[in-house]
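There are 2 protein chains.
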Amino acid sequence: MSLSERRGRILAFIVDDFIDSAAPIGSQSLVERHALGLSSATVRNEMAALEDEGLITHPHTSAGRIPSHRGYRYYVSSLMPERNLSSQEKFTILHQFHQASGQLEEWVQLAASVLANNLHNVALVTQPRLLEVRLKHLQLVELLDNRALLVVVTTDSGAHQRTLEFPATMHQDSLSRLANRLNGEFGNKTVAEFTPRGAAAPLTESEAVVVAAVRDLLLREEQAAVEAPVVEGVREMLRQPEFGHSDRMLDTLEAVDERRLRDAIPSGAMGEGDVAIVIGDENHAGPYQDMSFVLARYGLPGGASGMLGVLGPTRMAYGDAVANVRYVSDVLTELMRRLHEGE
Amino acid sequence: MSLSERRGRILAFIVDDFIDSAAPIGSQSLVERHALGLSSATVRNEMAALEDEGLITHPHTSAGRIPSHRGYRYYVSSLMPERNLSSQEKFTILHQFHQASGQLEEWVQLAASVLANNLHNVALVTQPRLLEVRLKHLQLVELLDNRALLVVVTTDSGAHQRTLEFPATMHQDSLSRLANRLNGEFGNKTVAEFTPRGAAAPLTESEAVVVAAVRDLLLREEQAAVEAPVVEGVREMLRQPEFGHSDRMLDTLEAVDERRLRDAIPSGAMGEGDVAIVIGDENHAGPYQDMSFVLARYGLPGGASGMLGVLGPTRMAYGDAVANVRYVSDVLTELMRRLHEGE
DNA sequence: GTTAGCACTCTTGGCGGGAGAGTGCCAATA
DNA sequence: TATTGGCACTCTCCCGCCAAGAGTGCTAAC
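These protein sequence lines are chains A and B, in that order.
Numbering-wise (this note's numbering), the first sequence opens with residue 471 and increments by one.
Numbering-wise (this note's numbering), the second sequence opens with residue 471 and increments by one.
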C-alpha cells in the first residue's frame, strides 16, 4: 500500500499530534495546528479514506482519530523523518559513560538509565554474551571447614561464583591442586563437552562435586543470554496517560517484571545491524498487545553481544527512540571494541 | 493510657474489622458482626469516648470509624492476640527452604518471597553482614592482556569480584605471586587498616592497583549492611485498596525503590531479640507516613546478621505479620547457625 | 476536487435528588 | 447510673438529566 503525498502528510500529522497529546485528533484542530492549505471538510474526507485503509480509527462516532497499529507501522516505515541526536545530546550521553568506571556491568546499567531517562519509557539491556560459552579458568578458595568458593571465568570474560560443599574438609593447597587438575582437563570446553565421561581418568568424589557445579554455572550462563535483562524506567513509563487507570498499571507492572520480560523480548524480529521496531500485536502476544519495542543489538561481530532497547505504549516517540537506541548501541559497541583490543 | 476491658474489646473489633474490610466501621455493623451483648447506641457512646482518646477517627461526620495511628499502636501493644503460625504454615515455609540450594543468597531471596506471598505486602531482607568486615583472602585471575579478575573473600563469608587493569600485561603466575604477597601483608585486616602505609615495604605499581581495588570493595561491603535490601512483593502491596488511585500508586512505587528504602529502614527502632513494629509517622518521615514496618533481626549473635521485615499500609494484619516475620527470622538464623557450625 | 453548512452523535461535567449508612443527642428504662 | 430506643440530621454515593463542546458524515454548491 502506498498513499498519496497529501494523505501521507495528514497521517504523519495525526501520528505526530497524537504522540504529543495522547488525545484523539480532530479535523479542525489539525488544520489549525499545521498550516495545511485545506479546509477541515477536506481533511475529513482524507481521514475517512485513511480509515478505510485501516490506518486510523475512531474510539467512537463523534471523536477524533487515533492511529491504528497499521498506521504506526506505515508511519515508521514510510513517513517518519530520519532523526539523529544533536551533538549536544550525544555529548551528554558520552559524558556519562566517561564518568563511569571501566566495569562492563556498569556500562550496561548506565545504558539502561540513559535510555529510560531520555525516552521516559522502560529500557531493557541484556548483558553481553557469547553464543557459545567456554570454560576459561576455574579457581577454588577455602571458606569454612568443608565449604569452598568456586570462581569460574568464561571466554566471554564473565566471572561467576558460588559456594560448594565437599564431603570432607579441604585446605587451600588441596583446593588449588584440585583446581589445577580440572583446569587441565576441562579448560576451553563448552558445557556440552563437560561431562564426567569427558575426563581422562575417573573423577574422585571431590572432583565430581566441582565438575557438577561448573556445569551448572555454565548452563545458567548459556541461558542467561536473554534472561534477566537490566530493566530501568518502569515508573517513567507508568507516568504516561495510557496507564492512568490503576488496573492497567498493575497489569503492566506485572508484565514488565524481569522474569516475564525474558521470554517476551522478540529477539527473532531483529534484523542485522539496525534498529528493529515491533508495534503492538505484530509479534508478541499477551500483555504487550498495546505496546511497542524498539530494539537493537550491540557488541562485537563474532564476539560477545547483547541486546538493548526500549518498551513503551504504541503511542511512543519512535523517532527519538530509534535515534537514542541506535546511538547508545553504537557507544556500547565502541566501548567493548576498545576493551577487547586493549584500548 | 489504659482502656476499660469493654472499650478495649470494641477498639480491637474496630481494628480487626477495618483491617479486614478496609471500609469505615459503623456501630450497627459492629454489633451485628460480633455478638456483643450491647446495643448500637452503647457502642456509639464508647466510640465517642475512643475518639476523644484519639484512638479512632471519622473520615467525615456521618461515616463509620477508622483506627488512628495511635489506635493501631494501642492495639499492637495491648490488645492484639498472640498469634503463632500453625504447624501446617510452618511446614510450608520450612519445606521451601529445604527445597532451595544451600546458597546463602538464595535463602535471603527466598525469605523475601515467602514474606511477600504470605502477607501480601512488600518484604525487605538485607544480606547478612558482619559489622566489621575483614579481608580473608584475595585471588587474581588472568583475563585479557593487562586485565585481571580480582576475587575478594571476606570474613563474613562473602565473595566479591571486579575487574582490574594493570599498567602492563600480567600472566597467571605473576598474578598468583602478587596475590600471595598481598595476602601475607593484608590478610585479616579491616578496611581501616588497609592503606598503602600499612604495608611493610613500599608497594609496586601493580600492588597499588590491587590494594586500591580491594579497599574499594571492602568499603562498599561495609556500607552494604543496610544498602540494597532484597525487595519483593511490591505488586502484592499495590493491589491493596489504599493504593487504588494511580497517583498514590506511583508515589509509593517511587518510595519503595530499593535505593530509597535503604535510608528509610528504621533500624534504630529495633529492640533486641524480638519483632519491632513501627506505625505510620512514629519514626520515619516523608512517603512512609501512612505505612508501617514490621521488622526483626536475624543471624548469629556476634556473627553475621541482617534484617528482615515487611512494609505495608498502616491497615496491615499485624498479627500475621509478626508471626511470619518472627518465624522466618528464626528459620534463617537456624540455617546460618548450621552453616557456621558445619552442619 | 474542494468547501460551507447542517444535522447528528457521543463524551464530559455539573446539578439534583433519593437511598443508605452512620452519627449525636435526648428521654425513657432497668 | 449505665443502657437503650428513637429520631433528626448529615454525609456519601449513585443515578439520571441536561447543556456544552467537539467531531463526524453527508449534501449541495462552487
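Even glycine gets a Cβ: it sits at the ideal position worked out from N, Cα and C.
No experiment lies behind these values; they were computed from the predicted model shown.
Is residue i close to the ligand NAP? I mean its beta-carbon at under 7 Å from any heavy atom of the ligand.
i                 : result
Met-786 (chain A) : What this structure holds is no ligand at all, so the ligand NAP is not there to describe.
Would you please state the rounded distance, in angstroms, between the beta carbons of residue i and residue j? I believe it to be under 8 Å.
i                 : j                 : result
Ala-618 (chain A) : Leu-608 (chain A) : The pair is not a contact, with the Cβ atoms about 11 Å apart (cut-off 8 Å).
Leu-765 (chain A) : Met-740 (chain A) : 6 Å
Pro-637 (chain A) : Glu-675 (chain A) : 6 Å
Pro-711 (chain B) : Ala-533 (chain B) : Contact flag wrong, Cβ pair sits at about 16 Å.
Arg-535 (chain B) : Ile-526 (chain B) : 4 Å
Pro-529 (chain B) : Pro-494 (chain B) : 6 Å
Ala-581 (chain B) : Leu-802 (chain B) : 6 Å
His-715 (chain A) : Ser-571 (chain B) : Rounded, the Cβ-Cβ distance is 41 Å, inconsistent with contact.
Lys-659 (chain B) : Arg-604 (chain B) : 6 Å
Met-761 (chain B) : His-590 (chain B) : Their Cβ separation, rounded to whole angstroms, is 14 Å, which puts Met-761 (chain B) and His-590 (chain B) out of contact at 8 Å.
Leu-585 (chain A) : Asn-753 (chain A) : Between Asn-753 (chain A) and Leu-585 (chain A) the Cβ distance is about 20 Å, and since that is not below 8 Å, they are no contact.
Leu-689 (chain B) : His-630 (chain B) : Not confirmed; about 11 Å, so no contact.
Val-623 (chain A) : Leu-648 (chain A) : Contact flag wrong, Cβ pair sits at about 16 Å.
Could you tell me which residues DSSP puts in a beta bridge with residue i?
i                 : result
Tyr-768 (chain A) : A:Gly-776
Ile-526 (chain B) : B:Pro-537
Ala-793 (chain A) : Its beta-bridge partners do not exist; DSSP assigns none.
Ala-629 (chain A) : A:Val-623
Ala-618 (chain A) : A:Glu-612, A:Leu-634
Arg-599 (chain A) : A:Ser-775
Leu-781 (chain A) : A:Val-592, A:Phe-763
Val-700 (chain A) : A:Val-595
Thr-660 (chain A) : A:Arg-604
With distance defined between alpha-carbon atoms, name the residue in the options nearest to residue i.
i                 : options                                    : result
Ser-775 (chain B) : B:Leu-805, B:Lys-560, B:Arg-685            : B:Leu-805
Gly-772 (chain B) : B:Tyr-797, B:Arg-807, B:Gln-759            : B:Arg-807
Val-621 (chain A) : A:Asp-615, A:Leu-614, A:Leu-634            : A:Leu-634
Thr-562 (chain A) : A:Val-798, A:Leu-809, A:Glu-811, A:Thr-803 : A:Val-798
Val-474 (chain B) : B:Arg-543, B:Arg-767, B:Leu-520, B:Leu-585 : It is worth fixing the name first, because residue 474 (chain B) is Ser in this sequence and not Val. That would be B:Leu-520, whose Cα lies nearest to the Cα of Ser-474 (chain B).
Met-786 (chain A) : A:Ala-582, A:Ser-509, A:Asn-588, A:Leu-580 : A:Asn-588
Glu-516 (chain B) : B:Ile-484, B:Met-719, B:Ala-593            : B:Ile-484
Leu-549 (chain B) : B:Leu-555, B:Gly-496, B:Gly-478, B:Arg-599 : B:Gly-478
Leu-417 (chain A) : A:Thr-660, A:Ile-480, A:Leu-614            : Since the displayed chain A opens at 471 and closes at 813, residue 417 (chain A) lies outside it and no answer follows.
His-539 (chain A) : A:Leu-770, A:Val-780, A:Phe-763, A:Asn-616 : A:Phe-763
Leu-574 (chain B) : B:Leu-555, B:Leu-564, B:Tyr-544, B:Gln-597 : B:Gln-597
Ala-593 (chain A) : A:Glu-728, A:Ser-583, A:Leu-600            : A:Ser-583
Leu-652 (chain B) : B:Val-501, B:Asp-800, B:Pro-672            : B:Pro-672
Asp-522 (chain B) : B:Gly-541, B:Leu-508, B:Ile-489            : B:Gly-541
Pro-757 (chain A) : A:Asp-643, A:Asp-733, A:Glu-502            : A:Asp-733
Val-748 (chain A) : A:Ala-482, A:Tyr-544, A:Arg-705, A:Ile-480 : A:Tyr-544
Arg-503 (chain B) : B:Ala-511, B:Thr-512, B:Asp-487            : B:Asp-487
Arg-705 (chain B) : B:Leu-564, B:Leu-723, B:Trp-577            : B:Leu-723
Val-701 (chain A) : A:Asp-727, A:Ala-505, A:Asp-751, A:Ala-482 : A:Asp-727
Tyr-788 (chain B) : B:Leu-648, B:Gln-569, B:Ala-746            : B:Ala-746
Val-595 (chain B) : B:Val-578, B:Ile-735, B:Arg-553            : B:Val-578
Pro-783 (chain B) : B:Val-792, B:Ser-472, B:Gly-750            : B:Gly-750
Gly-769 (chain A) : A:Ala-791, A:Leu-809, A:Val-792            : A:Leu-809
Arg-821 (chain A) : A:Lys-606, A:Glu-677, A:Thr-625            : Missing from the structure shown is residue 821 (chain A); chain A here goes from 471 to 813 and no further.
Asp-490 (chain A) : A:Asp-790, A:Asp-800, A:Glu-811            : A:Asp-790
Arg-767 (chain B) : B:Val-780, B:Asp-744, B:Gly-496, B:Gln-759 : B:Asp-744
Arg-709 (chain A) : B:Arg-632, B:Asp-721, B:Pro-699            : B:Asp-721
Arg-729 (chain B) : B:Lys-606, B:Ala-518, B:Ala-698, B:Met-640 : B:Ala-698
Gly-703 (chain A) : A:Glu-552, A:Phe-567, A:Val-780            : A:Val-780
Terminal residues of the continuous alpha helix (DSSP H) containing residue i?
i                 : result
Val-578 (chain A) : 574–589
Val-501 (chain A) : 497–503
Val-485 (chain B) : 475–491
His-568 (chain B) : 557–569
Leu-652 (chain B) : 642–656
Residue range of the beta strand (DSSP E) that residue i falls in?
i                 : result
Val-603 (chain B) : From DSSP, Val-603 (chain B) is part of no beta strand (DSSP E); its letter is neither H nor E.
Leu-506 (chain A) : Where Leu-506 (chain A) is concerned, there is no enclosing beta strand (DSSP E), given that its DSSP letter is neither H nor E.
Mind listing, in chain order, the continuous beta strand (DSSP E) runs of no fewer than 3 residues lying wholly within the stretch 702–748 of chain B?
none
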